[in-house]
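Chemist: So that we are looking at the same thing, I have put the structure below in structure tokens.
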Amino acid sequence: MTQTTRTANPPLTTPITGGVGESPLRPDGALKVRGEFAYSSDLWADQMLWGVTLRTPHPYARIRSIDVGPALAISGVYAALTHEDVPGQNAYGLEHIDQPVLAVDVVRYQGEAVAIVAADHPETARRAAAAIVVDYEVLEPVDNAETAIFGEDVPKLHEGGNLVRYVPILFGSQDATADVVVTGTYEVGMQDQAFLGPESGMAVPAEDGGVDLYVATQWLHVDQQQIAPALNLPQDKVRITLAGVGGAFGAREDLSMQVHACMLALHTNKPVKMVYTREESFFGHVHRHPAVMHYEHGADRDGKLVYVRAKMFLDGGAYASSTGAVVANAATLGVGPYNVPNVKIEAWGAYTNNPPCGAMRGFGAVQACFAYESQMDRLAEAIGVDPVEIRLRNAMSEGSIMPTGQLVDSAAPVQELLERVRDKPMPAERTSEVDIRTMPGGASNTTHGEGVVRGVGYGIGIKNICFSEGFDDYSTARVRLEVIGGEPVAMVHTAAVEVGQGLVTLQAQIARTELGVQRVTIQPADTSVGSAGSTSASRQSYVTGGAVQAACAAVRAEVFDLARERFGVDNLALEGGKVVSASRGVLADLGDVLGDKAIEHTREYRHRPSFPIDPLTGQGNAHVQYGFAAHRAVVDVDVDLGLVRVVELACAQDVGKAMNPDAVIGQIQGGSAQGLGLAVMEEIQLSGAKIRNPSFTDYLIPTILDMPPMVIDVLELADPNAPYGLRGVGEPPTISSTPAVVAAIRDATKLALSRIPVRPEHITGT
Amino acid sequence: MRVKFTVNGEERTADDVWEGESLLYVLRERLGLPGAKNACEQGECGSCTVYLDDTPVCSCLVAAGQVQDREVRTVEGLGSEDELDPVQQAFIERGAVQCGFCTPGLIVAAHDLIRRNPCPKDAEIREALAGNLCRCTGYEKIIDAVHTAAAHSRGEATS
Numbered sequence: 001m002t003q004t005t006r007t008a009n010p011p012l013t014t015p016i017t018g019g020v021g022e023s024p025l026r027p028d029g030a031l032k033v034r035g036e037f038a039y040s041s042d043l044w045a046d047q048m049l050w051g052v053t054l055r056t057p058h059p060y061a062r063i064r065s066i067d068v069g070p071a072l073a074i075s076g077v078y079a080a081l082t083h084e085d086v087p088g089q090n091a092y093g094l095e096h097i098d099q100p101v102l103a104v105d106v107v108r109y110q111g112e113a114v115a116i117v118a119a120d121h122p123e124t125a126r127r128a129a130a131a132i133v134v135d136y137e138v139l140e141p142v143d144n145a146e147t148a149i150f151g152e153d154v155p156k157l158h159e160g161g162n163l164v165r166y167v168p169i170l171f172g173s174q175d176a177t178a179d180v181v182v183t184g185t186y187e188v189g190m191q192d193q194a195f196l197g198p199e200s201g202m203a204v205p206a207e208d209g210g211v212d213l214y215v216a217t218q219w220l221h222v223d224q225q226q227i228a229p230a231l232n233l234p235q236d237k238v239r240i241t242l243a244g245v246g247g248a249f250g251a252r253e254d255l256s257m258q259v260h261a262c263m264l265a266l267h268t269n270k271p272v273k274m275v276y277t278r279e280e281s282f283f284g285h286v287h288r289h290p291a292v293m294h295y296e297h298g299a300d301r302d303g304k305l306v307y308v309r310a311k312m313f314l315d316g317g318a319y320a321s322s323t324g325a326v327v328a329n330a331a332t333l334g335v336g337p338y339n340v341p342n343v344k345i346e347a348w349g350a351y352t353n354n355p356p357c358g359a360m361r362g363f364g365a366v367q368a369c370f371a372y373e374s375q376m377d378r379l380a381e382a383i384g385v386d387p388v389e390i391r392l393r394n395a396m397s398e399g400s401i402m403p404t405g406q407l408v409d410s411a412a413p414v415q416e417l418l419e420r421v422r423d424k425p426m427p428a429e430r431t432s433e434v435d436i437r438t439m440p441g442g443a444s445n446t447t448h449g450e451g452v453v454r455g456v457g458y459g460i461g462i463k464n465i466c467f468s469e470g471f472d473d474y475s476t477a478r479v480r481l482e483v484i485g486g487e488p489v490a491m492v493h494t495a496a497v498e499v500g501q502g503l504v505t506l507q508a509q510i511a512r513t514e515l516g517v518q519r520v521t522i523q524p525a526d527t528s529v530g531s532a533g534s535t536s537a538s539r540q541s542y543v544t545g546g547a548v549q550a551a552c553a554a555v556r557a558e559v560f561d562l563a564r565e566r567f568g569v570d571n572l573a574l575e576g577g578k579v580v581s582a583s584r585g586v587l588a589d590l591g592d593v594l595g596d597k598a599i600e601h602t603r604e605y606r607h608r609p610s611f612p613i614d615p616l617t618g619q620g621n622a623h624v625q626y627g628f629a630a631h632r633a634v635v636d637v638d639v640d641l642g643l644v645r646v647v648e649l650a651c652a653q654d655v656g657k658a659m660n661p662d663a664v665i666g667q668i669q670g671g672s673a674q675g676l677g678l679a680v681m682e683e684i685q686l687s688g689a690k691i692r693n694p695s696f697t698d699y700l701i702p703t704i705l706d707m708p709p710m711v712i713d714v715l716e717l718a719d720p721n722a723p724y725g726l727r728g729v730g731e732p733p734t735i736s737s738t739p740a741v742v743a744a745i746r747d748a749t750k751l752a753l754s755r756i757p758v759r760p761e762h763i764t765g766t
Numbered sequence: 001m002r003v004k005f006t007v008n009g010e011e012r013t014a015d016d017v018w019e020g021e022s023l024l025y026v027l028r029e030r031l032g033l034p035g036a037k038n039a040c041e042q043g044e045c046g047s048c049t050v051y052l053d054d055t056p057v058c059s060c061l062v063a064a065g066q067v068q069d070r071e072v073r074t075v076e077g078l079g080s081e082d083e084l085d086p087v088q089q090a091f092i093e094r095g096a097v098q099c100g101f102c103t104p105g106l107i108v109a110a111h112d113l114i115r116r117n118p119c120p121k122d123a124e125i126r127e128a129l130a131g132n133l134c135r136c137t138g139y140e141k142i143i144d145a146v147h148t149a150a151a152h153s154r155g156e157a158t159s
């Protein structure tokens, strides 16, 4: 080997740890395990009052009168406010401004807010709220989505009628016929996000006549946009800081206590804290849309799909929330990750008097996936092939065309994901040595194996990542680099909401990678920096990640300017706290180059644009990126008692780039658990539009006994359009675990099971 | 009423306590110890778990008056100022914390399990933590964390 010119030593840098692709520990972890992390329900201020909401017990009623006098007569009560006290516009909403801050002359769902009270003790406030006299004329509620839109003599719940949105998707021929046809009607019950930290926050009146709000939410700026008009304040007088968020999953996308607490604080001129009880929380946020979906799949004798036709009814409840976008997702993703030449899907979102529905992890894709995956299993049976084979024969791939006409222009490894979960070793068969804790029914000792049948099922889903349909979906990041205590430190400031997923960790990882510094501080999220958009649609790593990367790049470019001036060389890099030249190696410590200068830049990041869909045909490049996950579920079913135990879940998901591999696994495990919950236990049960089970005693979510071990494969097929090639992670695993679990129960029981959650009586037929 | 009890080794007094207040409320709102959490306040989720005279209880179900002259230990009292308890450390290390709202209750429950059973098996961990709901993690990393904490408590190194 020829000796090359020897000039400088290679860069002598200590590698930065905790950059992109590693799994550094959460920066908020120590506070959280010590119990010292300040959640929105932990806030406290001197002279603080407690706010409480009076809610209607009736799903549909006219309000004849409201008398707050008896509340005000109670000692310790500082305010009792109604719609008459709303300082500004008494209406808010995400897509449609259709929901009153406090009800005026009509209530449209059980639990709608009618009045608010502030008192010096929460119990005093609750008693005062109960003392308010509201005279209602009770009306017959509209409690069915299809009837609400198409029924005769149904009352119009809003001025424009009961249709929130209709989305048709017409693709290929509408007259196609097929040799093999399978049909089915599928129902999804109303799921609750059931985050553990209840809706809460504290509003503090400010000397400038504005208000400072500390709250757990998902999108600070969209809260601000809705709160300010209601308070009749300019937006800059409503300053919002993110308080610790105890989970979200979509339920914090709409306002809950925000305006109420601000009204009480401004009225009393004292800090006001509001914390919902668990029961109130079931009435205080939107839920997952219940759905009824009629599907017809036509295929040739080999099982290749010829057409899919579907009619889907999604119940939006009393106010629109994000129903329009949910309906569009259900429709545009309604055939699943399959190549289908001819499609006719119609989806309707309705106003009813049921609880309002909006965002929940999976957002319209969950409902559709249960239906299309159930149909694929029916088709497999009709053709006589196994469930994975039917899916493989129809699997979409990069280059496929969606029923919207959109080209799928990055990785869509549907086939590989299915093969991976199929090829995982099966969990061990049950032996004669029975540990009853591993049986359906568990320690309740309901079986020692008699009547227990094992089943295996598969599911795969597709989800749009980021906001769709032409939404200006951006994020903002401010990054500052300076020397603190002799060491270069990066500060990252965004309004992006950490809900537990690990965005704060990720922002620091990006700054370390881009700026080659070890120390990064993440400023509290607030409205003093530009909008970050919502923590939803699996979008924050992509969009806020992109913004942090862009702001870091701007900072880095300025550092390079300084270095270029000083050393007269190009091709620079920041590594291990040093400024490094490609030709001369380490030039200087980053701290030396910075001196006492602080470099700061703010950048907005936008993903490539999406476009509206044609309202008559549903055609258009609606979505930014698609995410995919597949599951295999193995279950044991006690067919005599209808009890199910999920033995194992296998999952394979493409994440483009595992930005933080441990956090990716955490998302897949947690998302899969929520899908399992919808499959076998989670439903807000309604009767006459009233919630029958608003508690954790009666609304069940999976416990540690219900969740099986998971076997997980993570694929990293880079999306060239996305920062670092990443693909949104949070939602896909929630989508496909549900149909996989239900398919496994069907496999064990040979029952059709077309409604979720599957209840014991569906299995026993009793 | 006045309630006097020991919290994390320190004698504390709460005045003007209304008879209907829970231990959870007194800890969080009167004594500045918000570590125990208020996720359901009906004994279903375990997020408010604290030791009462060395027995883990849901502090939301304990009337404040019941703790008069007794000893309470909360998640804030497990580690020292400089050092986390092995259970706390393991929860961070193994990624068992996401939103963290269930975490304080789970840590107290896991701490109690490891005291009683220094080498718990998966099934025993599941049984011991069955009263603690978590909505973020799917529980698997929590099980990992308990194993790690148990190993640390036994003085073994873990990877």
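Going line by line, the protein sequences match chains A and B. Residue 691 in full-length UniProt numbering sits at position 691 of the first sequence; the count goes up by one each step and never skips. Residue 149 in full-length UniProt numbering sits at position 149 of the second sequence; the count goes up by one each step and never skips. By construction, the Cβ of each residue, glycine as well, lies at the ideal position given by its N, Cα and C atoms.
Does any C-beta atom of chain A lie closer than 7 angstroms to the C-beta of Asn8(B)?
Modeler: no
Chemist: Determine, using beta-carbon pairs with one atom in the region 394-406 of chain A and one in the region 316-323 of chain A, whether at least three such pairs fall under 8 angstroms.
Modeler: no
Chemist: Which two residues bound the contiguous beta strand (DSSP E) that contains Asp212(A)?
Modeler: Val211 to Val215
Chemist: Within the chosen definition, does the region 498-515 of chain A reach the region 581-589 of chain A through at least 3 CB pairs nearer than 8 angstroms?
Modeler: They do not touch, by the three-pair rule.
Chemist: Would you please state the rounded distance, in angstroms, between the beta carbons of residue 775(A) and His631(A)? I believe it to be under 8 angstroms.
Modeler: Since the displayed chain A opens at 1 and closes at 766, residue 775(A) lies outside it and no answer follows.
Chemist: For Pro24(A), count neighbouring Cβ atoms within 10 angstroms of its own Cβ and tell me buried if that reaches 16, exposed if not.
Modeler: It counts as buried.
Chemist: Under a CB-based cut-off of 7 angstroms, is Ser59(B) close to chain A?
Modeler: Residue-level contact by beta carbon fails for Ser59(B) and chain A, as no gap is shorter than 7 angstroms.
Chemist: Starting from Thr121(B), find everything on chain A with Cβ-Cβ shorter than 8 angstroms and list it in chain order.
Modeler: Note that residue 121(B) corresponds to Lys in the displayed sequence, not to Thr. Chain order gives no chain A residues near Lys121(B), where near means a beta carbon separation below 8 angstroms; the closest approach is about 10 angstroms.
Chemist: What residue from Cys357(A), Gln47(A), Ser410(A) and Ala178(A) has the CA that sits closest to Glu95(A)'s CA?
Modeler: Cys357(A)
Chemist: Taking Cβ-Cβ distances below 7 angstroms as the criterion, which residues of the region 109-141 of chain A are in contact with chain B?
Modeler: Residues His121 and Glu123.
Chemist: Within the chosen definition, does the region 240-254 of chain A reach the region 196-214 of chain A through at least 3 CB pairs nearer than 8 angstroms?
Modeler: yes
Chemist: Take Arg165(A) as the anchor and find which of Asn329(A), Arg556(A), Glu84(A) and Met376(A) has the nearest alpha-carbon.
Modeler: Asn329(A)
Chemist: For the region 92-107 of chain B, which residues have a CB atom closer than 8 angstroms to at least one CB atom of chain A, in sequence order?
Modeler: Ile92, Glu93, Gly95, Val97, Gln98, Cys99, Gly100, Phe101, Cys102, Thr103, Pro104 and Ile107
Chemist: Would you mind reading off the limits of the alpha helix (DSSP H) that contains Leu40(B)?
Modeler: In the sequence under discussion, the amino acid at residue 40(B) is Cys, which differs from the Leu named in the question. Neither: Cys40(B) is in no alpha helix (DSSP H) and is coded neither H nor E.
Chemist: Which residues mark the beginning and the end of the alpha helix (DSSP H) in which Ile745(A) is found?
Modeler: Pro732 to Thr749
Chemist: Can a CB atom of chain A be found closer than 7 angstroms to the CB of Asn117(B)?
Modeler: no
Chemist: Leaving out the 5 sequence neighbours to the left and right, which residues in its chain are closer than 6 angstroms to Glu600(A) when beta-carbon positions are compared?
Modeler: Arg480
Chemist: Look at the Cβ atom of Val17(B), then the Cβ atom of Ala64(B), and state whether they are nearer than 7 angstroms.
Modeler: Contact: yes.
Chemist: Between Ala350(A), His297(A) and Glu381(A), which lies nearest to Val343(A) when the distance is taken from Cα to Cα?
Modeler: His297(A)
Chemist: When you compare only the Cα positions, how much space is there between Pro15(A) and Leu590(A)?
Modeler: When rounded, the distance between both Cα atoms is 14 angstroms.
Chemist: Buried or exposed: where does Lys44(A) fall if 16 or more other Cβ atoms within 10 Å of its Cβ makes it buried?
Modeler: Note that residue 44(A) is Trp in the sequence shown here, rather than Lys. Exposed, by the Cβ-count rule.
Chemist: Given a limit of 8 angstroms on CB to CB distance, which residues of the region 36-70 of chain A reach chain B?
Modeler: Cβ contacts with chain B: Glu36, Phe37, Ala38, Tyr39, Ser41, Asp42 and Trp44.
Chemist: Residues in the region 197-216 of chain A with C-beta within 9 angstroms of chain B's C-beta atoms, listed in sequence order?
Modeler: Gly197, Pro198 and Ser200
Chemist: Pairs of beta-carbons, one from the region 143-150 of chain A and one from the region 344-354 of chain A, closer than 8 angstroms: are there three or more?
Modeler: yes
Chemist: Cβ of Leu129(B) less than 7 angstroms from any chain A Cβ?
Modeler: Yes - at least one Cβ of chain A is within 7 angstroms of the one on Leu129(B).
Chemist: Just by C-beta distance, which residues in the region 136-147 of chain B are closer than 9 angstroms to chain A?
Modeler: Cys136, Thr137, Gly138, Tyr139, Glu140, Lys141, Ile142 and Ile143
Chemist: What is the C-beta distance between Ala537(A) and Cys466(A), in whole angstroms, given that I count them as a contact (C-beta under 8 angstroms)?
Modeler: Between the beta-carbon of Ala537(A) and that of Cys466(A) there is about 6 angstroms, and that keeps the pair under the 8 angstroms contact cut.
Chemist: For Thr2(A) and Arg26(A), what's the separation of their Cα atoms in angstroms?
Modeler: In this prediction, Thr2(A) has a pLDDT of 48, which is less than 50 and means its spatial position is unreliable; nothing more can be read from the coordinates.
Chemist: Just list the residues that DSSP pairs Pro440(A) with in beta bridges.
Modeler: In the DSSP output, where bridge partners are listed per residue, Pro440(A) has none listed.
Chemist: Which residues, in chain order, does the region 494-516 of chain A contribute to contact with chain B at a C-beta distance below 9 angstroms?
Modeler: Glu498, Val499, Gly500, Gln501 and Gly502
Chemist: Along the region 64-76 of chain B, what residues have a CB closer than 7 angstroms to any CB found in chain A?
Modeler: Thr74, Val75 and Glu76
Chemist: Span of the beta strand (DSSP E) holding Ala45(A)?
Modeler: DSSP places Ala45(A) in no beta strand (DSSP E); its state is neither H nor E.
Chemist: Can you tell me where the alpha helix (DSSP H) holding Tyr458(A) begins and where it ends?
Modeler: Going by DSSP, Tyr458(A) is part of no alpha helix (DSSP H) but of the beta strand (DSSP E) stretching over Val452 to Ile465.
Chemist: In chain order, what residues of the region 263-278 of chain A put their CB closer than 8 angstroms to some CB of chain B?
Modeler: Val275, Thr277 and Arg278
Chemist: How is the alpha helix (DSSP H) around Gly399(A) delimited, first residue to last?
Modeler: That residue, Gly399(A), is in no alpha helix (DSSP H); it is neither H nor E in DSSP.
Chemist: Could you give the distance in angstroms between the alpha-carbon of Gly441(A) and the alpha-carbon of Val646(A)?
Modeler: Roughly 11 angstroms between the two C-alpha positions.
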